[in-house]
Amino acid sequence: MPSLPIRLAAGAALLLAATTAQAAEKMTYLFPAPGVLPAFAPFQLAQARGYYAAEGLDVTFQVGKGGADVAKQVAVGNAELGGGIGDTPVIVRANGLPVKAVAVLGGQALTQIIVRKDAGVKSLAELKGKKIGVLSFQDTTYYNALAALASAGLKKEDVSIEAVGPAGMVKLMISGDLAAISGVPEWTAAIEEAGIGVDIYPITKIFPAMAQALLASDETIAKKPKVVEGFVRATLKAVRDIQSDPKKAAAEYVKAMPQHAGREAQILDIMQRYNTLVYRTEDPTELGKLDPKRIAAVQKFYVDNGIVQTAVPVAELYTNQFVK
């Protein structure tokens, strides 16, 4: 039988574990699209590796209907945090939704304009009259597409934009029903895997759009700063894991997400694309931080091209207080 000190120590450890479990704060994070998409690998890895639990968080993932819809749900308190793009507050704050970006997952734009090689398009201007797919009309990637078209002198009326959902983005590109999409790296990989050649126009080279961002309301930032800080820290830790060892991250991600069983090689390819096209920053120590000059430039672009009608003070659109 264990001695009294050993039994006391074991009891104390169990009590501490129970207390920690009880103290874990429940919170909801809204994805703008299905959570099985590799775009959300950092979140799934952070969950699987216990990074959120280590921050005292009991995280539930739910799915919204695009970044703008997520921002609305976050603003009214239906979720503590949610996902959009660094641009999202520029679009929704002007409409009275008190939402800020609290971290950004990389230094490049999340989206690219992906065009079928056989569409006869040699520049964005030649998309005129073509069918272009977007996730939804409530998603920030739709607004990114409008901005990309505007940079080529095109209005939304000059093309046929269709909201086709995540499955349709790939399926309709493969079938040839779409000439182009405003998409993310995993969709490019799936289209190429089907033998369809594509040309990629990174949004970052068109205007200073941003990567995937974590969004929180002013109220949550004020009342639950530890929740926001812990979630940001855990998520960024997972992004760094993908950057430092994508092969190991891909294997663990597939293990955590059985929907991708047997696709380790494809997931590794997608993670490497994210490392190059999205997560990359000029200064690795700046990962997560939002650049007010970039936000100002994006907002000016949106306003100048009539995509957003009203500019708001840049300081109301973001905070870096949780990126540490």
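Mapping of the sequence shown onto mature numbering (1 follows the signal peptide of the UniProt record, and there is no 0): residues -23 to -1, 1 to 301, in sequence order.
Don't be surprised by glycine CBs; every beta carbon is placed ideally from N, CA and C.
These numbers come from a predicted model, not from an experiment.
### Beta-carbon separation (whole angstroms), L7 vs G73, contact threshold 8 Å
About 19 Å; that fails the 8 Å criterion.
### Message
Going by C-alpha to C-alpha distance, which of G83, N252, V53 sits closest to I62?
### Response
G83
### Query
Taking the alpha helix (DSSP H) that I151 falls in, what are its first and last residues?
142 to 152
### Task
Tell me P179's beta-bridge partners as DSSP assigns them.
Q89
#### Entry: Spatial distance of K232 from K266 (CA atoms)
30 Å
### Message
Starting from D281, trace the alpha helix (DSSP H) in both directions and tell me its first and last residue.
### Response
269 to 281
### Message
Going by beta-carbon coordinates alone, are Q276 and A292 separated by less than 8 Å?
### Response
no
### Query
Between Y29 and I90, which are expected to be in contact by the criterion C-beta below 8 Å, what is the C-beta distance as a whole number of angstroms?
Rounded, the Cβ-Cβ distance is 34 Å, inconsistent with contact.
### Query
I think V81 touches A211, with their Cβ atoms under 8 Å apart; what is that distance to the nearest whole Å?
With 8 Å as the limit, V81 and A211 do not qualify as a contact, their Cβ atoms being about 15 Å apart.
### Task
May I ask you to report which of helix, strand or coil DSSP gives V13?
coil
### Query
With a CB to CB cut of under 7 Å and the five nearest residues on each side skipped, what residues in its chain are close to A(-3)?
Here A(-3) scores only 48 on pLDDT, less than 50, and its place in the model should not be relied on; the value that follows carries that caveat. Cβ within range, chain order: n/a, list empty.
### Query
Given D46, which residues of its chain have a CB within under 7 Å of its CB, disregarding the five upstream and five downstream residues?
Q115
### Task
Taking 8 Å as the threshold, find out whether the stretch 257 to 274 comes into contact with the stretch 90 to 101 through three or more Cβ pairs.
no
### Task
Assign M248 to one of three DSSP states: helix, strand, or coil.
helix
### Query
Out of curiosity, what's the CA-to-CA distance linking L254 and E196?
33 Å
### Query
Between the beta-carbon of V136 and the beta-carbon of K107, is there less than 8 Å?
yes
### Task
Please determine, among G174, Y251, K214, T88, the residue with the shortest C-alpha to C-alpha distance to S152.
G174
### Query
Going straight from the alpha carbon of I183 to that of A1, what length do you get?
43 Å
### Simplified DSSP assignment, three categories, for I284
coil
### Query
Taking Cβ to Cβ, would you say V161 is nearer than 8 Å to L87?
yes
### Y279 beta carbon less than 8 Å from that of residue 303
As displayed, the chain neither begins before -23 nor continues past 301, which places residue 303 out of reach and without an answer.
### Inter-residue Cα distance where the pair is Q249 and S159
20 Å
### Message
Please state whether the Cβ-Cβ distance between V141 and T296 is less than 8 Å.
### Response
no
### Query
Would you report the Cα separation of L131 and K200, rounded to the nearest angstrom?
43 Å
### Message
Give me, in chain order, the residues of the same chain whose beta-carbon lies closer than 7 Å to that of G283; leave out the 5 immediate sequence neighbours on both sides.
### Response
none
#### Entry: 7 Å Cβ shell around V147 - same chain, five flanking residues per side excluded
W164, A167, I168
### Query
Secondary structure at K49, three-state DSSP: helix, strand or coil?
helix
### Query
What number of angstroms, rounded off, separates the C-alpha of V51 from the C-alpha of Q39?
12 Å
### Query
Where does residue 306 land, buried or exposed, given buried means 16+ other C-beta within 10 angstroms?
Within the shown structure, residues of the chain are numbered from -23 to 301, placing residue 306 beyond reach of any answer.
### Message
Tell me the residue span of the alpha helix (DSSP H) that contains S128.
### Response
117 to 128
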